[in-house]
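Numbers 0 to 90, taken from numbering that gives the first Met the number 0, label the letters of the sequence shown in order.
Every residue gets a Cβ at the ideal spot worked out from N, C-alpha and C, and that includes glycine.
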Amino acid sequence: MVVVMLTASIVLLAACGASAAAAACNAKLLKACVPALTTGVTPTGECCSNVKAQQSCLCQFAKNPAYARYVGSPNTRRTIAACGVAPLHCS
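Now the structure itself:
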């Protein structure tokens, strides 16, 4: 079920453009980043594409208790930087 939803989200991202998908703020799109976020390995291209698509949502994820510990981690900062996304400055 999750794979189907993830696949559908990726198809939607490709069809509608990154800004439309980012407006939806779907943390499941970042599933491709789990290895990089948890172990610090180099993020995959899919991970970076999804981080860029969800860039405007990252601070929202940081405020969510379910994701806060991941968003604020050193591995997350490294992943974001490796993907060429500006560091988070959440208020």
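Under the 10 Å beta carbon count, ALA31 is surrounded by 16 or more other beta carbons and is classified as buried. Between the stretch 62 to 73 and the stretch 44 to 52, the count of Cβ pairs shorter than 8 Å is below three; the stretches do not touch. The continuous stretches of alpha helix (DSSP H) do not include LEU29, and DSSP gives it neither H nor E. DSSP places ALA81 in the uninterrupted alpha helix (DSSP H) bounded by 73 to 81.
With fewer than 16 other CB atoms across the displayed protein chains lying within 10 angstroms of its CB, CYS58 is exposed. Distance from LEU28 to ALA52 at the Cβ level is roughly 6 Å; contact confirmed, criterion being Cβ atoms closer than 8 Å.
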